[in-house]
Structure formats: structure tokens, C-alpha cells
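Protein chains in written order, with the numbering used here: chain A, 3 to 389; chain B, 29 to 340; chain C, 14 to 291.
Shown next as C-alpha cells:
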């Protein structure tokens with residue numbers, strides 16, 4: 003168990019800057035997820051931590067010691083690959099045993115026939131078998147020990163990959179999109195299992211995914227990466243409620259956050275589509291800003307003056323909730339509201355309705371840079387304005 | 029309008045039934061027509077001849093004779109007494125036994141070396157593959173010149189080192205070995221290309237996983253990942269090389285004619301001699317049957333091994 | 014991941030090892046070309062010089078071309094390989110299509126027969142086929158060189174495997190357009206199968222251009238000889254110190270395939286690999 007330090011890591015492939023300069027301190031025992039869209043550099047960063055890629059600049063430290071000069075096998079890490087990378091010609095038991103054999107048996111002891119001759123080797127082998135069995139039982143795959151990977155389902159293969167990583171008792175667990183090859187239902191189930199595993203082992207986990215739901219549900223902290231930059235590092239709730247950048251706000255959360263365009267007015271408010279929204283961001287009057295409101299914070303009411311109006315384009319019935327897809331006349335992006343189903347019994351496609359939300363739920367972002375602007379409400383927070 | 033829905037209410041109507049049957053007959057006829065030429069030729073040029081060869085081996089037919097007699101196993105009995113045949117089988121097996129392992133391992137070695145290079149891959153691949161493309165007959169003649177005791181490159185080189193030159197292809201002890209060298213020389217490149225395809229199909233992340241598991245030496249990588257994952261290719265290469273080596277003929281006919289003193293006599297060469305020099309067709313047919321048995325045996329071994337060992 | 018084996022020194026050692034091996038591989042080619050440029054006195058003098066002391070390139074090559082009808086041999090090679098491959102395609106493709114895409118009784122049996130025939134080596138059927146040609150009276154003709162090979166079970170197998178990957182929708186659409194099955198083979202399947210056809214072609218041309226055994230037994234007229242037979246004849250005919258022209262002849266015989274290979278390396282190697290990975 004150890005803390006991992008990433009100091010000013012840079013990496014380019016040819017002319018493409020995959021990692022621009024990453025600084026990140028991962029604490030001992032935490033579950034850190036690197037999340038971002040494809041191509042943002044998260045897998046590359048993981049591989050640099052593992053030692054499978056060399057960085058162009060910067061250094062990696064594990065447990066306080068710089069490990070840049072060490073081979074991957076000497077960094078005391080374990081990694082679960084996206085494709086699981088199970089040795090197809092070995093059984094599950096043999097697969098899990100590989101790290102132990104590599105570490106504990108010398109080369110001669112590993113040879114097929116000769117290796118069996120020494121009694122010391124026999125002792126080591128029994129110990130290895132015991133450890134393999136222990137891990138297999140922990141992961142509930144003990145009944146599969148004699149099968150080969152091709153006979154296993156996706157979820158079972160994934161557990162073997164995890165088992166092979168676990169058996170080494172590493173300092174840090176690296177996981178590279180381990181759930182992306184599984185079907186949706188299994189993925190949800192495995193999220194819980196991995197989270198449980200983290201709790202029971204207490205080891206530092208570094209997890210890479212492009213799925214924001216995985217990042218939100220499993221992590222102690224999330225590191226959002228975009229285009230080679232680290233945008234925000236914070237616990238899930240903070241990333242959700244308090245995003246540092248419009249890209250983070252748009253990436254995290256499903257359905258996507260609603261973005262409206264507006265300009266800062268002199269009255270301590272933001273003018274948006276002809277309506278004044280009671281938030282005052284810390285920036286000069288006249289700045290173009292973007293306002294973000296989460297779908298679940300939007301309510302549908304009657305259209306009227308002082309309210310943002312929109313036309314209902316589509317209704318999606320999710321059961322307890324309804325997703326209402328709306329279009330505002332001067333906004334290019336569609337608006338989505340998530341409301342309890344009873345409230346919308348009368349709603350029909352084509353209706354002109356008003357959007358109801360509280361100023362306290364509005365996130366303000368700079369119109370040009372996308373950075374989050376701190377702001378305060380100029381209207382009482384609890385009051386549902388524009389209602 | 030008759031419905032095409034055969035499953036509606038109670039089953040197909042009679043009209044539909046007849047229509048379906050007629051269509052399927054037409055489809056059948058088309059299929060037969062499309063494959064008829066191939067089938068006919070397969071029977072005439074492949075299956076038929078094999079059966080003829082089998083039957084002929086039990087006769088005393090010679091090409092040009094008006095008739096023949098059935099002689100049972102006489103040809104086979106003669107084979108067992110035939111020194112030339114015994115030598116031919118022995119030499120052929122020896123040839124296969126040396127050329128196959130040598131060309132397979134050298135091919136694998138070349139493939140692994142070339143695959144791991146950072147640049148120059150295509151160049152070396154072309155170089156090593158060249159012998160495969162060059163007409164064996166022509167290159168055999170070139171080899172003969174190279175081995176020429178007076179003017180060939182090899183004897184010149186030996187002269188430089190102060191060693192005596194030999195008439196490699198004309199001496200009993202070196203004729204067959206020289207043919208083996210030529211065989212290895214040619215087969216190496218072919219095997220190399222097949223191994224290279226096999227090597228590139230090994231997923232890279234297996235090596236990375238092994239690296240993280242602690243197997244960082246070249247030996248671990250070869251033994252734990254490369255060799256096991258290459259096993260289908262290796263099997264294929266071994267079988268193909270074995271079958272091709274078994275059929276060695278061209279260099280023998282041009283360079284040594286099976287000599288000196290049958291030192292380089294091989295099975296196909298004897299088959300050629302008996303069948304097309306001496307026109308003892310029935311005996312040659314018997315030799316062909318023996319040849320076929322060996323080939324089928326090799327193929328049978330391959331499928332047995334494959335059943336046992338294919339992982340994926 | 015770059016450690017150890019890909020260090021600079023490792024890379025250099027590998028190149029050196031490959032170069033040493035290449036000496037063995039290329040030695041015959043070097044000997045061949047070098048000797049083809051030397052005069053007979055130069056050859057007789059011995060020595061390891063690769064560059065001729067006395068140039069006789071023109072003499073050697075023209076001697077090779079005049080002493081034997083080498084160009085005629087090459088032409089024969091072209092005629093024979095082209096005819097063989099064309100006929101192989103004409104016969105194999107429809108059968109492969111029927112095996113891959115049509116459902117008919119006997120399909121399994123026919124395919125099993127194809128697999129069985131794949132095991133039959135060409136030498137095994139030589140005697141009966143020869144006798145057949147003899148009885149038909151067509152020994153020592155182009156036909157005798159071409160006809161025995163127009164059935165390529167390897168081609169049927171290869172094309173069938175490839176055809177099976179063609180989506181059925183394509184064929185159904187053609188049927189609905191009114192195409193006959195025969196037309197489908199040539200208008201729909203063949204164009205999509207070009208890579209496999211190329212592989213098939215490479216395999217067939219190489220095999221039949223280099224075939225020595227069969228022309229040896231069926232031909233007696235020199236004007237029909239194919240290149241391998243031609244050069245073997247040259248060798249036996251010219252006894253004595255005419256190694257220069259002999260090597261020149263060898264160079265010219267292997268040149269077409271080698272040059273084609275060097276220009277289209279990737280295609281050749283893909284072809285070999287494709288046929289190998291059946």
C-alpha cells in the first residue's frame with residue numbers, strides 16, 4: 003500500500019501532445035479514477051505509472067520513492083487490462099499462479115520436468131497453490147480453477163484477471179477500463195464487486211474509464227482529464243455539484259447538464275434569452291457567460307413573462323420519472339428536464355412551457371474559456387424564481 | 029394471390045408447397061451444375077488416379093503393354109528386397125528428419141529476430157524470402173556451381189583457408205547432406221514468413237501482463253507467451269515442411285541422379301525412375317502407394333496433435 | 014515498453030546476426046550474378062573476386078539466349094501459367110460458390126471430397142494421368158502441361174472460405190434483381206474476392222512456373238519446354254567451361270518472379286500467409 007505521486011508528466015507521440023503536464027498526488031489506500039473521453043490521455047498516464055510507457059518528462063513516485071528507472075515488474079504494481087490478457091494456454095489456476103511462480107521460483111525450478119525434482123521447489127509449489135486457492139475463493143471462482151480462459155464467460159475472465167493481480171499483494175492496483183467489454187447489467191454488478199474489493203483490501207486503486215457512471219459510483223476521488231490536461235481532481239459529489247470547468251460539468255452526469263447562453267447585466271444578474279436570472283458571477287458587466295442547470299433541477303410550469311419558455315419536443319417515460327426534451331428558440335442545444343411523472347400527465351408534444359428552477363442551482367461558466375466563475379445569488383436561494 | 033406465409037392458419041396451401049418444392053429442385057440443379065465441372069475433374073484427375081494407382085500396384089502392368097496380370101502383393105514383396113527402395117526410404121526419412129527441424133528452427137529464429145527490429149524489417153524479410161521465389165531448378169544449378177571443386181565459391185573459400193576442396197555432390201558421404209543444405213536454404217524463408225504472421229498475431233498485452241507479473245527476461249517471454257501461442261503455426265509449418273521435403277525431386281534429378289551409388293536416392297526419384305525411365309508402371313504404382321501412406325500418416329499425426337492442443 | 018532487448022547494442026547485434034545469416038541466403042545469388050558477368054578465362058582463373066576481372070556480360074547473356082531458345086521457354090512458362098490459372102478460376106469459383114452459399118443435398122459430401130483431395134500430392138497421380146494423356150494422344154503438347162492442373166482443390170477451398178465471409182444480403186439483392194446464380198458468381202462474388210484471388214494466383218503461378226517434374230515427364234519437344242526444364246537442358250547440353258552463360262541463363266530464368274516479388278513484396282507475403290493460414 004502506498005501513495006502514488008505523479009510529477010509534471012509529459013508525453014507526446016509524434017506531434018501529438020498526449021499528456022501536457024500532469025501533477026497528481028494519489029493518497030495511500032484511496033480509489034482514484036482517471037476519467038475522460040477517448041483520447042484524453044488517461045490510459046497513457048496509467049501505462050506510464052505502470053512503466054509500460056516511458057514519459058518524456060516528469061517523474062513517478064510510489065511510496066515516496068521515484069520509480070522511473072525501475073522495470074514494471076520491479077514497481078510492485080498489479081494491472082488488470084481491458085482485454086484481461088489471460089494466458090490462453092494456461093488454466094485459471096495456472097494463470098493466477100504466474101506472478102507467484104515468476105517471483106518465488108528460480109528459472110530452473112520453473113522448468114517442466116527438471117523443476118519438479120528438488121524438494122524445496124515442491125514446498126514452494128504447495129504454498130503457491132494455497133495462495134491461488136485462497137484468492138480464487140475470495141473471488142468466487144474456485145470452481146473454475148481447471149478451466150481454460152476460452153471456456154469462461156466475460157465476467158469470469160475478468161475475475162481471473164483480478165485474481166492474478168490480487169495474488170501478488172501489490173502496493174497499487176491499476177485497472178484499465180476493465181468493465182468496458184462486459185454487457186450493461188454485468189457492468190453494474192461488477193461495479194459493486196470492485197468497490198467491495200477495494201474496501202476489503204484497502205490497497206490504493208487507480209482506475210481508468212471513460213464511463214462517468216463508473217467514476218461516480220466507485221471512487222474516493224475523481225480526476226477528470228481532457229485533451230491531455232488534468233481539469234479537476236475532487237470527490238464525486240464535488241465534481242458533480244461544483245465542477246471547475248464547463249467540460250467537466252458536461253462530461254459528468256447523465257443526462258447531460260443543460261447549457262444556456264447569457265450576458266452579465268448591470269443589475270447584478272445575467273440576462274438569458276430575454277429573462278433575468280438572479281445570479282451574479284464575479285466578472286465584469288457585459289461578459290458572455292454560459293449557465294448550467296442540471297436536468298433534475300428543472301421543473302416544468304406554465305409559460306409566462308419572466309420565465310424561460312421552451313417547446314416540448316419529446317417525452318421519455320422512465321417509470322417514476324419523465325425526461326422532457328425541450329427546445330428553446332434561441333438556444334442551439336436541446337434542454338432536458340427530469341421530473342416526476344405525475345407532474346406531467348397533461349404535457350403534450352408541442353406545448354409551450356416555462357422552465358422553473360432556483361438561482362442557487364445555476365452554475366456559471368465563462369463564455370470563452372469555460373472556466374467556472376464563482377457567483378452568488380441575488381435572489382433568496384430557496385425561492386423558486388422564474389416560476 | 030397465393031400467400032407466401034406458410035405458417036398461417038393450418039399450414040401451407042398446396043400451391044405454396046408445390047412452388048417451394050419446385051424452387052428447391054431448381055436450386056439443387058443449379059448447385060450441381062456449378063460444381064459439376066470441378067467434381068468431374070476431381071474424379072478424373074485426382075480421386076480416380078489414386079484408385080487406379082492402388083489397383084495398378086497389384087498388377088504387373090508396364091506402359092505400352094497391351095494387357096496385364098493381377099499379381100497380388102508381388103510388387104510389395106519386391107520392394108522389401110529392393111536395395112534401392114530401402115535406400116530411398118532411408119534417405120528420404122533422413123532428409124525429412126534433418127531439413128524439417130533445421131528449417132523450422134532457423135525460420136523461427138529469423139522471424140523472431142526480424143520481428144523485434146525497430147527498422148529494416150521489410151528489407152530482411154525480402155532477403156530471407158528470396159530463395160523461396162527463385163526457381164529451385166535454376167538455383168540448384170547455381171548451388172552446383174558453387175560447390176564445384178575447381179571454380180565454385182565454396183572451394184575457393186576453402187582454398188583461401190588452406191583446406192582441400194571436395195566434389196561435394198559426387199561423393200557418397202556428402203551428396204545427400206548437400207541436398208539437405210539446399211533444401212534448408214529454400215524452406216527457411218517460407219517458414220519464416222509463416223512464423224512472422226503468427227508472431228504479429230500474438231496480442232501485445234500478453235507480454236505486458238507477463239512483464240508486470242515478473243517475467244521480464246527474454247527466455248520467460250519466449251517460453252510463457254511466444255512458444256505456446258505459436259503452437260498452431262508451428263504445427264502447421266512442421267507438417268507443411270515435412271510434406272514438401274518428402275517430395276524432394278528437382279535437385280536430385282538434376283544434380284546427382286540419386287547417386288553416387290544411390291547415396292542420394294529418394295522416394296520420388298525412384299518413383300520417377302521406375303515409372304518414367306523404365307516404364308515399370310505397376311511397380312512405380314506400388315511405390316506411389318507407399319508414398320501416399322507416408323503422406324497420410326503425417327497428416328493424421330497433425331490432426332491428432334491439433335485435437336489435443338488447440339487452445340483457442 | 015523498451016527495456017533490455019531493444020537497447021541500441023541489442024539492435025546492432027541483431028542486425029549483425031541477420032547479416033551473417035544473409036550471407037548464407039544470398040551467396041548463391043551473388044555467385045550466380047557475378048559469374049554471369051565473367052569471361053571464361055576469368056572463371057578458370059579461380060579466386061573469390063565478385064567483380065569480374067574480365068567482363069563478358071554481353072557475351073554470356075547473348076550466348077545463353079542463342080544457345081537455347083530461352084525466350085521461348087519463358088514464353089511457354091507464361092502461356093502455361095496463365096492458362097492454368099485462368100482455367101483453375103473458371104472451374105473453382107462456381108464450385109466454391111455452390112459450397113459456400115447454396116444449400117443442396119450432397120454439399121457436405123462434396124466438401125469432404127475436396128478436403129480429401131487436398132491431401133493428395135501431385136506426384137501420386139502422375140502415373141495414371143500420364144497414361145491417360147498418352148492414350149488421348151496429347152503427350153508433348155501445351156494441353157498436356159495445362160490440363161492436369163486445371164482442377165485446383167486448394168483454390169476451391171480457399172475461395173470457399175473467403176466466400177463464406179461475404180454477406181448473404183449482397184447475394185439476395187442480386188437475386189432479387191434477377192441475376193442467375195451463374196451470373197452471381199462472376200458479377201458479385203468474384204469482384205469482392207480480389208484479395209483471395211490474388212493470393213490464389215500468386216500461389217498457382219509460383220507453383221507452376223517452377224514445376225520441373227511434370228514437364229520433364231510429358232515433354233520431349235524442346236520448343237515446349239518451360240523455364241525449369243529449359244535451364245536443366247542447358248546445363249546437360251553444354252558440357253565444359255561454359256559456366257558464364259549457364260549462370261546468365263539461370264539469372265534470366267529466376268528474374269521474372271524475383272523482380273515481381275521485389276516490386277509487390279507485401280502482396281506476395283500476404284498471399285503466402287493467407288494460403289498458409291488455411
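Backbone N, C-alpha and C fix where the C-beta goes; we use that ideal spot for every residue, glycine too. Computed from a prediction, not measured in an experiment: that's the story for all the values here.
With 8 Å as the limit, tell me which residues of the stretch 225–241 of chain B have their beta carbon closer than that to any beta carbon of chain A; keep them in chain order.
Of all residues in the stretch 225–241 of chain B, those with a C-beta nearer than 8 Å to a C-beta of chain A are 231, 233, 234, 236, 237, 238, 239, 240 and 241, reading in chain order.
Under a CB-based cut-off of 8 Å, is residue 79 of chain A close to chain B?
Yes, contact with chain B.
Identity of the residue in C/108, C/61, C/64 and C/241 nearest residue 64 of chain B by Cα:
Of all alpha-carbon atoms in C/108, C/61, C/64 and C/241, the one lying nearest the alpha-carbon of residue 64 of chain B is that of C/108.
Any residues in the stretch 254–267 of chain B with a beta carbon nearer than 9 Å to a beta carbon of chain A? Which ones, in chain order?
Answer set for the stretch 254–267 of chain B: 256, 257 and 259.
Status (buried if at least 16 other CB within 10 Å, exposed otherwise) for residue 316 of chain A
Residue 316 of chain A should be labelled exposed.
Does residue 335 of chain B have its Cβ less than 8 Å from a Cβ in chain C?
So, not an interface residue.
Could you round the C-beta distance between residue 271 of chain C and residue 161 of chain B to whole angstroms and report it? I think they count as a contact, below 8 Å.
Correct: roughly 5 Å between the Cβ atoms.
Beta-bridge pairing of residue 281 of chain B - partner residues as DSSP gives them
Beta-bridge analysis with DSSP links residue 281 of chain B to no other residue.
Is any beta-carbon of chain A found at less than 8 Å from that of residue 303 of chain B?
Not an interface residue.
Answer with yes or no whether the minimum CB distance from residue 152 of chain B to chain C is below 8 Å.
Using a CB distance cut-off of 8 Å, residue 152 of chain B counts as an interface residue toward chain C.
Assign residue 378 of chain A to one of three DSSP states: helix, strand, or coil.
Here DSSP, grouped into helix, strand and coil, assigns residue 378 of chain A to strand.
Indicate the three-state DSSP secondary structure (helix, strand or coil) for residue 336 of chain B in the structure shown.
DSSP, reduced to helix, strand and coil, places residue 336 of chain B within a helical segment of the structure shown.
Do the CB positions of residue 352 of chain A and residue 298 of chain A come within less than 8 Å of each other?
No, the Cβ-Cβ distance between residue 352 of chain A and residue 298 of chain A is not below 8 Å.
Residues of its chain near residue 152 of chain B, where Cβ-Cβ distance is below 6 Å and the 5 sequence neighbours each way are ignored:
Cβ within range, chain order: 142.
8 Å is my cut-off, CB to CB: does residue 87 of chain A come that close to chain B?
So yes, residue 87 of chain A belongs to the interface.
Cβ neighbours of residue 260 of chain C in the same chain (closer than 7 Å, five flanking residues each side left out):
Within the same chain, 45, 48 and 49 come within 7 Å of residue 260 of chain C by CB-CB distance, once the 5 residues on both sides are set aside.
At least 3 beta-carbon pairs within less than 8 Å: the stretch 43–56 of chain A vs the stretch 240–256 of chain A:
Between the stretch 43–56 of chain A and the stretch 240–256 of chain A there are fewer than three inter-stretch CB-CB distances shorter than 8 Å, so the stretches are not counted as touching.
So residue 105 of chain A and residue 242 of chain B are in contact, right, with Cβ under 8 Å, and what is the actual spacing, rounded?
Yes, they are in contact, since the Cβ atoms of residue 105 of chain A and residue 242 of chain B sit about 5 Å apart, within 8 Å.
What's the call for residue 247 of chain A, buried or exposed, on a 16-neighbour Cβ count within 10 Å?
By the neighbour-count criterion, in which a residue is buried when 16 or more other Cβ atoms sit within 10 angstroms of its Cβ, residue 247 of chain A is buried.
Quickly, what does DSSP pair residue 282 of chain A with across the bridge? List them, please.
For residue 282 of chain A, the pairing in a beta bridge is given by DSSP as A/378.
Against chain A, does residue 252 of chain B count as a neighbour if the rule is that its beta carbon must be under 8 Å from one of theirs?
Residue 252 of chain B counts as touching chain A.
Alpha carbon to alpha carbon, what distance is there between residue 209 of chain A and residue 114 of chain C?
Residue 114 of chain C and residue 209 of chain A: Cα-Cα distance of roughly 47 Å.
Report yes or no: is there a C-beta of chain C within less than 8 Å of the C-beta of residue 96 of chain B?
Not one beta carbon of chain C lies nearer than 8 Å to the beta carbon of residue 96 of chain B.
Could one say the Cβ of residue 73 of chain C lies closer than 8 Å to chain B's Cβ atoms, at least one of them?
No - not a single Cβ of chain B is within 8 Å of the one on residue 73 of chain C.
Can you look up residue 171 of chain B in the DSSP assignment and give me helix, strand or coil?
Residue 171 of chain B falls in the helix class under three-state DSSP.
Tell me the start and end of each unbroken alpha helix (DSSP H) in the stretch 157–204 of chain B that is at least 4 residues and wholly inside, in chain order.
For the stretch 157–204 of chain B, whole alpha helix (DSSP H) runs of length 4 or above, ordered along the chain, are 164–174 and 181–188.
In chain C, which residues lie less than 8 Å from residue 278 of chain B when you measure between Cβ atoms?
Ordered by position in chain C, the residues that pass the 8 Å Cβ test against residue 278 of chain B are 225, 226 and 241.
Which residues, taken in chain order from the stretch 165–184 of chain A, show a beta carbon closer than 8 Å to some beta carbon of chain B?
Within the stretch 165–184 of chain A, the qualifying residues are 166 and 170.
Contact set between residue 292 of chain B and chain C, taken where Cβ atoms lie within less than 9 Å
What residue 292 of chain B touches in chain C: nothing, since even the nearest Cβ is about 16 Å away.
Distance check for residue 143 of chain A and residue 380 of chain A, CA to CA, integer angstroms please.
In a straight line, the C-alpha of residue 380 of chain A is about 59 Å away from that of residue 143 of chain A.
State the DSSP-derived secondary structure class of residue 101 of chain C, mapped to helix, strand or coil.
In the three-state reduction of the DSSP assignment, residue 101 of chain C falls in the helix class, which pools H, G and I.
Taking DSSP as the reference, what is the three-state secondary structure of residue 91 of chain A?
Per DSSP, reduced to three states, the secondary structure at residue 91 of chain A is coil, with no helix or strand assignment.
Could you please give me the residues that DSSP links to residue 342 of chain A through a beta bridge?
According to DSSP, residue 342 of chain A bridges with A/323.
Who are the near neighbours of residue 242 of chain C in its chain, counting only those whose CB is closer than 8 Å to its CB and skipping five residues on each side?
If the five residues before and after residue 242 of chain C are omitted, its C-beta is found closer than 8 Å to the C-beta atoms of 86, 225, 228, 229 and 232, all from its own chain and listed in chain order.
What separation, rounded to the nearest whole angstrom, lies between the Cα atoms of residue 157 of chain B and residue 238 of chain A?
Near 58 Å, if we compare the C-alpha coordinates of residue 238 of chain A and residue 157 of chain B.
In chain B, what lies closer than 9 Å to residue 359 of chain A by C-beta?
Neighbours of residue 359 of chain A across chain B, judged by C-beta separation under 9 Å, do not exist; the nearest C-beta is about 47 Å away.
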